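See structure below.
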Amino acid sequence: MQKVINVNLAPYKDFADLLENGEPDFSMVEKLRGKMDVLNHRQELKKALRREH
141 MQKVINVNLA PYKDFADLLE NGEPDFSMVE KLRGKMDVLN HRQELKKALR
191 REH
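Residue numbering for the sequence shown follows my numbering, starting at 141 and increasing by one per position.
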């Protein structure tokens, strides 16, 4: 899954300056992990419910 995200580089001069001096932001990754955990839990729950009947 890939998505193009527009990035505001301010206050950095260019991408090289951002790479050298920037702090990584993993908020999007953490949000995606949370959503994947919810989906996986739902699938496990559905499988468990099917086995009970």
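No residue lacks a Cβ here, since even glycine has one placed at the ideal position from N, Cα and C. Source: prediction; values computed, not measured.
Compare the Cα-Cα distances from I145 to each of M168, K187, A156 and report the closest residue.
Counted from its first residue, the sequence shown places residue 145 at position 5. The shortest Cα separation from I145 among M168, K187, A156 belongs to M168.
Using the Cα positions of K153 and V178, report the straight-line distance between them to the nearest angstrom.
Locating residue 153 in the sequence shown gives position 13, where the first residue counts as 1. Locating residue 178 in the sequence shown gives position 38, where the first residue counts as 1. The straight-line gap from Cα to Cα measures roughly 39 Å.
Output the distance between the C-alpha atoms of P151 and E160, rounded to the nearest integer angstrom.
Reading the sequence shown from its first residue, position 11 is the one you call residue 151. Reading the sequence shown from its first residue, position 20 is the one you call residue 160. Roughly 13 Å between the two C-alpha positions.
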